[in-house]
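Residue numbers (my numbering): 5 to 326.
Inspection log for the structure reproduced underneath, given as structure tokens.
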């Protein structure tokens, strides 16, 4: 079972119903949607007021914290005994706030140095932060999250590694994306985490790139060409960028496979990690790009979107969601 703790002290599990925890590599903060009995509607249940800004934590019987966040939205209906709460974990503060001007431009500092400084400045606690070489980064008019992950994205363009930010045990962690979760997804007669319930997939060459040309930003006549053996019947699909040597590494893209999976739940199956899938028509390693944990009456189901591509989100070109 899962306990629900209000404001770090009060167990309100008696008045909570089903909930879902969701997240994505395209989003910043993980989200909790939970149903809670309204105060003063059932004389047999405790009457508990819950307000915007209160903290909600979900803890397993083993003492593991699977979510902790702040009530950001609540919805009440006269015709319902329940109210619906939406909570976000603490990463929302990094996404909603911009640092002062003296903490927007960094010179000769590692991305992890930038991350540690800004995480502490916003009042959060750094956990395990992936180390990187030094760089110079201009974060003017950017949020805390955009600066931190923008610095990591600049490192990614050089070393090809992908990084993602996540909360764990009340701390902000930045990890290398694609680490393996040792829970194979396959059909089985035994009811255990990872056992498949539903699988569907689609395959597309829409975003495929099999050649990268890097024009040297200091010498326009100097071009680095990176090719792959992915052309085959589809032919050559090329992309040209301006940068420095090595920045094209990791930009080659094969045809994309996306898989929708529903399985017996595990709290370890989260966005940013990699899993092994063995279904009737697919077999291999895939990356979790979206996750949704649904919990009701002691039954835990995990829904995921898996992808063949391990992509780090660019802070420059796409809008960052909550």
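A virtual CB, placed ideally from N, CA and C, is assigned to each residue, including glycine.
Where do the N-terminal and C-terminal ends of the beta strand (DSSP E) with residue i fall, by residue?
i           : result
residue 170 : 167-172
residue 1   : Lying before the first or after the last residue shown, residue 1 is absent from the chain, which here runs from 5 to 326.
residue 29  : Neither: residue 29 is in no beta strand (DSSP E) and is coded neither H nor E.
residue 62  : 59-64
residue 255 : Counting along the chain, residue 255 falls outside any beta strand (DSSP E), and DSSP gives it neither H nor E.
residue 13  : No beta strand (DSSP E) holds residue 13; DSSP gives it neither H nor E.
residue 242 : 242-247
residue 175 : 175-180
Would a C-beta distance cut-off of 8 Å place residue i and residue j closer than the cut-off?
i           : j           : result
residue 71  : residue 36  : yes
residue 171 : residue 94  : yes
residue 119 : residue 141 : no
residue 199 : residue 267 : yes
residue 292 : residue 314 : no
residue 40  : residue 9   : no
residue 310 : residue 263 : yes
residue 304 : residue 26  : no
residue 96  : residue 32  : yes
residue 197 : residue 312 : no
residue 245 : residue 218 : yes
residue 261 : residue 205 : yes
residue 6   : residue 90  : no
residue 229 : residue 215 : yes
Per DSSP, what are the beta-bridge partners of residue i in this structure?
i           : result
residue 199 : 190
residue 48  : DSSP, once it has assigned bridges, lists no residue as partnering residue 48.
residue 213 : 257
residue 278 : 184 and 291
Run through DSSP, which three-state label would residue i get?
i           : result
residue 316 : coil
residue 6   : strand
residue 37  : strand
residue 283 : coil
residue 219 : strand
residue 324 : Summary for residue 324: the model assigns pLDDT 42, below 50, so the residue's position carries little reliability; its value from the coordinates is reported in the next sentence. Here residue 324 sits in coil by DSSP.
residue 272 : coil
residue 162 : helix
residue 291 : strand
residue 185 : coil
residue 301 : coil
residue 307 : strand
residue 56  : coil
residue 226 : coil
residue 21  : strand
residue 205 : strand
residue 68  : coil
Which runs of the alpha helix (DSSP H) at least 4 residues long sit entirely within the stretch 72-156? Give them in chain order.
95-100 and 115-125
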